[in-house]
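A.B. asks: Following this message is one structure expressed as structure tokens.
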Amino acid sequence: MFGPPDGRFFRLAHDGGLAAPRRKDIGASLTMAILIYAGFNLVAALIPYPAGSLSDKLDRRNILIVAFAIFFVTYLDIAVTRNIALIAVLFIFYGLYQGIFRSVGKALASDYVPEQLRASGIGWYNTIVDLFGLMASLIAGWLWDQVGHAAVFLFGAGLAMVGGIVLLALVPENAGMMRELRRECWRASRSTH
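Quick note: the sequence shown uses this note's numbering, first residue 408, plus one each step.
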């Protein structure tokens, strides 16, 4: 509602990567799957602060484009490989996307919200992203059952590409920095009156 195009396109294809049927298909033990998820979660938990800090200095849109490229490459590769070691590395690498998206996506969305509505805007952003995540789970489950695991990941990779193109087309470069400059000018003009 308040924000730019974001990961909504990508969330439609997010399914978790190593669901039980895929784990069995590639011969991974439950312990191995848990360790891979732990690695994914560790990366996804450690990346938001540095990614957010970087987005305070560089263009948020371009950082998100890199994140979506990570999503694209990861899902495309997971779709076609059966090598458990490569899938493990890719899934942990996918944690980079999650960590970047969580912080930089919210920051970019907040750039589009008036200051007095920032918390409401971030709330709407999270609601929309999470509803698309729910749709993603439903679509992924259907694709997995009807077509197979590769369809889930190819669909995700395709949506990553579409989302990146939409982001490039609709969000101007340095948009967040320009809005921040306008806010500072507005604050300065209010303090002088």
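Even glycine gets a Cβ: it sits at the ideal position worked out from N, Cα and C.
Could you spell out the range, first to last residue, of the alpha helix (DSSP H) harbouring G530?
C.D. replies: Element bounds for G530: 525 to 553.
A.B. asks: Could you give the C-beta distance for A564 and F475, rounded to a whole number, given that I count them as a contact under 8 Å?
C.D. replies: Their Cβ separation, rounded to whole angstroms, is 10 Å, which puts A564 and F475 out of contact at 8 Å.
A.B. asks: Where F479 and V559 are concerned, what is the direct C-alpha to C-alpha distance, given to the nearest angstrom?
C.D. replies: The alpha-carbon atoms of F479 and V559 are separated by roughly 12 Å.
A.B. asks: Does the region 447 to 461 come within contact of the region 516 to 536, defined as at least 3 CB pairs closer than 8 Å?
C.D. replies: No contact exists between the region 447 to 461 and the region 516 to 536.
A.B. asks: Do S517 and A528 count as a contact pair if the criterion is CB distance below 8 Å?
C.D. replies: Correcting the residue type first, residue 528 is Gly in the shown sequence and not Ala. In this structure, S517 lies closer than 8 Å to G528 by Cβ.
A.B. asks: Over the uninterrupted alpha helix (DSSP H) stretch that includes F500, give me the two end residues.
C.D. replies: Note, F500: alpha helix (DSSP H), 491 to 507.
A.B. asks: Judging by CA-CA distance, which residue of A445, L524, I572, R489 is the nearest neighbour of F500?
C.D. replies: Looking at the Cα atoms, A445 is the closest of the given residues.
A.B. asks: For G571, does the count of other Cβ atoms within 10 angstroms reach 16, so buried, or fall short, so exposed?
C.D. replies: Buried, because 16 or more other Cβ atoms sit within 10 Å of the Cβ of G571.
A.B. asks: Can you tell me whether A440 is helix, strand or coil according to DSSP?
C.D. replies: Here A440 sits in helix by DSSP.
A.B. asks: Quick check: what's the CA-CA separation for W549 versus F539?
C.D. replies: When rounded, the distance between both Cα atoms is 15 Å.
A.B. asks: Of the residues I433, Y456, K464, N581, which one's Cα is nearest the Cα of L503?
C.D. replies: Selected option, being the one with the closest Cα: Y456.
A.B. asks: On a CA-only basis, which of S460, L453, A495 is nearest I441? Give me that one, please.
C.D. replies: Out of S460, L453, A495, A495 has the C-alpha closest to the C-alpha of I441.
A.B. asks: From P521 to K464, what does the alpha carbon distance come to, in whole angstroms?
C.D. replies: Cα-Cα distance, rounded: 21 Å.
A.B. asks: Tell me the DSSP secondary structure of V487 in three-state form.
C.D. replies: DSSP places V487 in helix when its eight states are reduced to three.
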